[in-house]
Structures are given as structure tokens and as C-alpha cells.
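J.: Numbering (the working numbering), first residue to last: 14 to 279. By construction, the Cβ of each residue, glycine as well, lies at the ideal position given by its N, Cα and C atoms.
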Ligand code: ADP
Ligand code: MG
């Protein structure tokens, strides 16, 4: 991909699936790191009170004084008081911890409760090329905030038998947000994860996903490898932890697809 002469305004991507353990956090970190390798400025938003994205980048969520929660709930706080630099040049993090779980309840009584995150991110957009929001595994108000802020959605799907269960509910939610809150929201892609080419089962699931979603499925498929759990322990992306691995190559390929697909509508 060609280097950029100037940066921003950012395309916002929500990494979303209400099922846990499908690769949302792993894909957020590694897609972000691969985009940063290609010279893009990237902001990752940890929007799960579990703080797994923060942990995956070597941050201890329990030690944070301010997080994305404060950015949502406190007027007057600016993003640079919350932003953290990561070890990856060009990639920053809005971290989170268990405090964020209170926002789900507190936002309910707010005016425009669905657009709190969009408001918080707005001043940051000129500084970045991509903002990737790592959603929590639910379709509650936090996830609706992510979908309201986003230009597009990436849905990681684990290549397992029940992967497609629940996807109808997710696409309905995306359609509702599109109708009521964010008419420009696009489903940019279904990302097959944890694919095991040695099993007939994985191949069958992938074939069914392609049958169901056609052009919406990214050509990149993320294979199952123990290197990914290792990177979590190491607190860094696979692109630096195991830079020549198959997993790193896969997320670089995904980044090239994203550069191609996830761009403003002409
Ligand atoms: P989510 O954010 O959707 O809950 P994670 O990205 O945290 O999912 O992944 C769940 C677990 O699976 C983590 O332990 C992670 O390291 C592991 N994992 C993610 N992607 C892969 C993969 N392609 N191959 C093997 N393990 C993976
Ligand atoms: Mg996660």
C-alpha cells in the first residue's frame, strides 16, 4: 500500500460479535498493528469492561486512573488525558477497565445515550486514519454506541459448528442502528477466524459462511494457531512477537483488504 501524504479523517470500524471468544480482541490488536506497519495512524478503543485489549497491549487495567469510561461520562475531560501510546509506532490506545461496566447503566438516563462514544471520538478523528473499536460480547448499549459511532462493522466468526447461530440477531441489530441512528453504517466484512485447514469441519463451516454472506466475507482467513494466545501473554501484537509467522502474514493481508474496502463511500 502507498504511504499517505497526510492523515485523517479516520474511518471508524467496530469489531463486533455478541459471542465471546471468536477473535474480536485478537483481530483488533493485530489488524491495528498491521495497518500501523503500513504507515496508517491507528487508534484502538477498548470498549469491553474486561479490558482484554488493554492487557493484550501490555497495559494493566487495574492500575489506570482514567479510562474510556471517564471520557464518556465526564464533560471537560479531553482524550489526550486518557490516550496511551503503544509500543507500535503510530498506534494509540484508549484503555478500559471494569469501570466501563457502570456506563452501561449510567448512560440509560442520558440524552442521546446511543451517541456518547461518537461524541467522545469526534475530536480525535482528524489525527488518525483508522479507529478500531473492540466491542464487548453483548448487543447492549455499549455495543450500540460502538455501532452508532462506526462507519463500518467487521464481524469475526469462529469456524465452528455454531458460528452462524446468533449472527441473524447481530445483523438485525446492525440494521436497526442503520435505520434509527446511523444510516451510513456498512457491514464491511465477515472475518473467518480460528480456521483449521486439516479438518473437514472447518472447511464446511467456511463454505457455509461464504454461502450465507457471499461478497461480504473477507478473502483473508485467520488460521488457528497457538501463537495468538502466546501474544496475549507477551502483551504485544503478533506482527512484532512473531513477525514472520503465518498469523502475522494473515493480519497483514487483512489490513490490505481493509485498506481496499473500509474507505469512505465515493
Ligand atoms: P473475543 O475478543 O472475541 O472474546 P479473543 O480475541 O479474546 O476473542 O480470543 C479468544 C481466545 O482465543 C484468546 O485466548 C485468543 O488468544 C485465542 N485466539 C484468538 N484468535 C485465535 C486464533 N486464530 N487461533 C488460536 N487462538 C486464537
Ligand atoms: Mg474480547
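#1: Using only the heavy atoms of the ligand MG, determine whether one of them is closer than 6 Å to the beta carbon of residue 189.
#2: Could you tell me if residue 273 is buried or exposed, where buried requires 16 or more neighbouring beta carbons within 10 angstroms of its beta carbon?
#3: Measuring CB to CB, does residue 67 end up less than 7 Å from residue 108?
#4: Excluding the 5 residues preceding and the 5 following residue 171 in the sequence, name in chain order all residues of the same chain whose CB lies nearer than 6 Å to its CB.
#5: Return helix, strand or coil for residue 248, following the three-state DSSP convention.
#6: When DSSP labels each residue in this structure, what does residue 101 get in the three-state scheme?
#7: By the DSSP assignment, the alpha helix (DSSP H) with residue 86 in it spans what residues?
#8: My output table needs one value for residue 51: the three-state DSSP class, helix, strand or coil.
#9: Starting from the C-beta of residue 101, find all residues in its chain whose C-beta is less than 6 Å away, skip the five residues before and the five after it, and write them out in chain order.
#10: Could you name each continuous alpha helix (DSSP H) segment of 4 residues or more that falls completely within the stretch 131-216, going from the start of the chain to the end?
#11: Can you pull the DSSP bridge partners for residue 28?
#12: Which same chain residues, not among the five before or five after residue 244, have their C-beta less than 6 Å away from its C-beta?
#13: How many whole angstroms separate the CB atoms of residue 231 and residue 267, which I take to be in contact at a CB cut-off of 8 Å?
#14: On the DSSP bridge assignment, give the partners of residue 59 in chain order.
#15: Sort 197, 150, 163 and 161 by Cα distance to residue 180 and report the nearest one.
#16: Could you give the first and the last residue of the continuous alpha helix (DSSP H) run that contains residue 234?
#17: Roughly how many angstroms lie between the CA atoms of residue 58 and residue 96, to the nearest whole one?
#18: In chain order, what residues of the same chain have a beta carbon less than 7 Å from the beta carbon of residue 98, not counting five sequence neighbours either side?
#19: I'd like to know if the stretch 108-122 and the stretch 19-30 are in contact, where contact means that at least 3 CB-CB pairs between them fall below 8 Å.
#20: Taking the beta carbon of residue 147 as the centre, do at least 16 other beta carbons fall within 10 Å, making it buried, or is it exposed?
#21: Beta carbon of residue 80: closer than 6 Å to some heavy atom of the ligand MG?
#22: What does DSSP give as the partner residues of residue 106 in its beta bridges?
#23: Listed by chain order, which residues have C-beta atoms less than 5 Å from any heavy atom of the ligand MG?
#24: If you run the structure through DSSP and keep just helix, strand and coil, what is residue 273?
#25: On a CA-only basis, which of 134, 81, 153 and 173 is nearest residue 163? Give me that one, please.
T.: According to the structure data:
#1: Taking the chain shown and counting its residues from 1, one reaches residue 189 at position 176. Taking 6 Å as the cut-off, one finds no heavy atom of the ligand MG near enough to the beta carbon of residue 189.
#2: To locate residue 273, count along the chain shown from 1; it is residue 260. By the 16-neighbour rule on beta-carbons within 10 angstroms, residue 273 is exposed.
#3: Position 54 of the chain shown, counted from the start, is the residue given in the question as residue 67. Position 95 of the chain shown, counted from the start, is the residue given in the question as residue 108. Yes, the Cβ-Cβ distance between residue 67 and residue 108 is below 7 Å.
#4: Walking along the chain shown from the start, residue 171 turns up at place 158. Cβ-Cβ distances below 6 Å link residue 171 to 35, 206 and 207 in the same chain, with the five nearest sequence neighbours on each side left out; the list follows chain order.
#5: Taking the chain shown and counting its residues from 1, the one referred to as residue 248 is at position 235. The answer is coil: DSSP assigns residue 248 none of H, G, I, E or B.
#6: The residue labelled residue 101 in the question sits at position 88 within the chain shown. Residue 101: coil per DSSP, three-state reduction.
#7: For the purposes of this step, residue 86 is taken as residue 73 along the chain shown, with counting starting at 1. It spans 81-86 - the alpha helix (DSSP H) in which residue 86 sits, taken as one unbroken run.
#8: Counting from one through the chain shown, the residue named residue 51 turns up at place 38. In the structure shown, residue 51 falls within a coil segment according to DSSP collapsed to helix, strand and coil.
#9: Within the chain shown, the letter at position 88 stands for residue 101. Same-chain partners within the cutoff: 46 and 49.
#10: With a minimum length of 4 residues, the continuous alpha helix (DSSP H) runs that stay inside the stretch 131-216 are 154-162 and 180-193.
#11: Position 15 of the chain shown, counted from the start, is the residue given in the question as residue 28. For residue 28, DSSP records a beta bridge to 147 and 167.
#12: The residue given as residue 244 occupies position 231 in the chain shown. Closer than 6 Å at Cβ, skipping near neighbours: 251 and 254.
#13: As a working mapping, residue 231 is identified with position 218 in the chain shown. As a working mapping, residue 267 is identified with position 254 in the chain shown. Going by Cβ atoms, the distance from residue 231 to residue 267 rounds to 6 Å, so yes, they are a contact pair.
#14: As a position in the chain shown, residue 59 is number 46, starting the count at 1. BP columns for residue 59 point to 147.
#15: As a working note, residue 180 is residue 167 in the chain shown. Out of 197, 150, 163 and 161, 150 has the C-alpha closest to the C-alpha of residue 180.
#16: Counting from 1 along the chain shown, the entry for residue 234 is found at position 221. Element bounds for residue 234: not the alpha helix (DSSP H) but the beta strand (DSSP E), 230-236.
#17: For this step, residue 58 is matched to residue 45 along the chain shown. For this step, residue 96 is matched to residue 83 along the chain shown. When rounded, the separation of the alpha-carbon atoms in residue 58 and residue 96 is 10 Å.
#18: In the chain shown, the residue the question calls residue 98 occupies position 85. So the list reads 105, once near-sequence residues are dropped.
#19: Contact between the stretch 108-122 and the stretch 19-30 is absent: fewer than three C-beta pairs spanning the two stretches fall below 8 Å.
#20: The residue given as residue 147 occupies position 134 in the chain shown. Classification of residue 147: buried, given that the 10 Å Cβ count is 16 or more.
#21: As a working mapping, residue 80 is identified with position 67 in the chain shown. Residue 80 has its Cβ no nearer than 6 Å to any heavy atom of the ligand MG.
#22: Within the chain shown, the letter at position 93 stands for residue 106. Within the DSSP secondary-structure output, residue 106 pairs in a beta bridge with 57 and 97.
#23: Sorted by chain position, residues whose beta-carbon lies closer than 5 Å to a non-hydrogen atom of the ligand MG are 37, 38 and 65.
#24: Residue numbering aside, residue 273 sits at position 260 when the chain shown is read from its first letter. The DSSP-derived three-state label of residue 273 is helix.
#25: Taking the first residue of the chain shown as position 1, residue 163 is located at position 150. When 134, 81, 153 and 173 are compared, the shortest CA-CA separation from residue 163 is found for 134.
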